[in-house]
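Convert by adding 392 to the 1-based position in the sequence shown; the result is the number in the working numbering. No residue lacks a Cβ here, since even glycine has one placed at the ideal position from N, Cα and C. All values reported here derive from a predicted model rather than from experimental measurement. Right, one structure below, let's go through it.
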Amino acid sequence: MEVIIVEQPGDVAVHAADAIEDLATSHPAPVLGLATGSTPRATYEETGRRIAAGRMTLARARAFMLDEYVGLPPHHPQSYRSVIDAIFTTKVDIDPANVAGPDGNASDVLAACAAYERAIAEAGGIDLQILGIGGDGHIAFNEPGSSLASATRIKTLIRATRQDNARFFEGVLDAVPSHCLTQGVATILRARHIVLLALGEPKAEAVRHAVEGPVSAMCPASALQLHPHVTVILDEGAASRLEMAAYYREVWENKPPWQRL
Ligand code: F6R
393 MEVIIVEQPG DVAVHAADAI EDLATSHPAP VLGLATGSTP RATYEETGRR IAAGRMTLAR
453 ARAFMLDEYV GLPPHHPQSY RSVIDAIFTT KVDIDPANVA GPDGNASDVL AACAAYERAI
513 AEAGGIDLQI LGIGGDGHIA FNEPGSSLAS ATRIKTLIRA TRQDNARFFE GVLDAVPSHC
573 LTQGVATILR ARHIVLLALG EPKAEAVRHA VEGPVSAMCP ASALQLHPHV TVILDEGAAS
633 RLEMAAYYRE VWENKPPWQR L
């Protein structure tokens, strides 16, 4: 794992957008994996600015969302489809028809999950997966206890995650759906490059478990240790419990120019 610790929280987005730009300028038709939530917003905005400045384009890109609530109408403002439209699709030049997500309203959930796995595989797999992390160590909606070999499936959200997300539902816990469809841990691990972003102290403990803890289903993000190309981009708060922080800084500061993100 490459761990980048930045002084200014805004620089997390700059480094993450660098990874997207590197891919977009070197690949004729890149496939992106998109996290929802608050953390990647600034990255998507920065990507949009670079597109507007003519530095890159996502016109030929495809994108796959990580997860979706079950039972929210697609146009509900808090469906992950609506959120991705608001924070990503409308900020960049991707064709909206090329942004896919799990179907949280499918009548046959098992078939919908299998179809989503197939769609990712048929697109050639994900080149670059952007991830956030939950305070409990979840990635996508793989809550603690999730199989590290899991594929896209339906999951029950734990109460703490619903409480975290109630801020998007006017603070009303009961308004937060109890179930979701989510890419599995194994689905995520098939991406060729994974960029995990975390901001702020509330994420510090989960980041410590993910980066330095044992690989365990109790912290699904720790499965990223098994992937050969993961970049973790943290602000000071999110990095504040890392035992090896000084070493990660030293490695990053002395990184030879030919060694890219
Ligand atoms: C979003 C997702 C979640 C979030 C995580 C962090 O698609 O799958 O795993 O990345 O809950 O959320 P924020 O960024 O809002 O702190």
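Pick from the options that is closest to residue i, judged by C-alpha positions
i	options	result
residue 620	586, 552 and 427	586
residue 498	466, 518 and 479	466
residue 491	500, 475, 393 and 501	475
residue 419	435, 409, 503 and 449	449
residue 526	517, 518, 508 and 549	549
residue 609	546, 536, 459 and 632	536
residue 516	504, 428 and 421	421
residue 402	452, 458, 589 and 477	589
residue 425	583, 407 and 611	583
residue 461	415, 473 and 486	473
residue 409	439, 416 and 643	439
residue 594	635, 567 and 631	631
Contact test: residue i Cβ vs the ligand F6R heavy atom, cutoff 7 Å
i	result
residue 458	yes
residue 430	yes
residue 533	yes
residue 468	no
residue 571	no
residue 530	yes
residue 461	no
residue 367	There is simply no residue 367 to check, as the chain begins at 393 and stops at 653 in what is shown.
residue 518	no
residue 472	yes
residue 427	yes
residue 526	yes
Residue i versus residue j - alpha carbon distance
i	j	result
residue 596	residue 521	21 Å
residue 394	residue 510	30 Å
residue 455	residue 434	18 Å
residue 605	residue 614	7 Å
residue 622	residue 628	19 Å
residue 482	residue 504	26 Å
residue 513	residue 542	15 Å
residue 412	residue 488	18 Å
residue 518	residue 451	16 Å
residue 572	residue 478	20 Å
residue 414	residue 447	10 Å
Classification of residue i by the beta-carbon crowding that lies within 10 angstroms, buried from 16 upward
i	result
residue 538	buried
residue 640	buried
residue 563	exposed
residue 655	Only positions 393 to 653 of the chain appear in the structure, and residue 655 is not among them; the question remains open.
residue 612	buried
residue 405	buried
residue 649	exposed
residue 638	exposed
Measuring CB atoms only, is the region 571-589 touching the region 522-531, in the sense that at least three cross pairs come out at less than 8 Å? These segments touch.
With contact counted as at least three CB pairs below 8 Å, one residue from each stretch, are the region 434-450 and the region 598-612 in contact? At 8 Å Cβ cutoff, the stretches do not touch.
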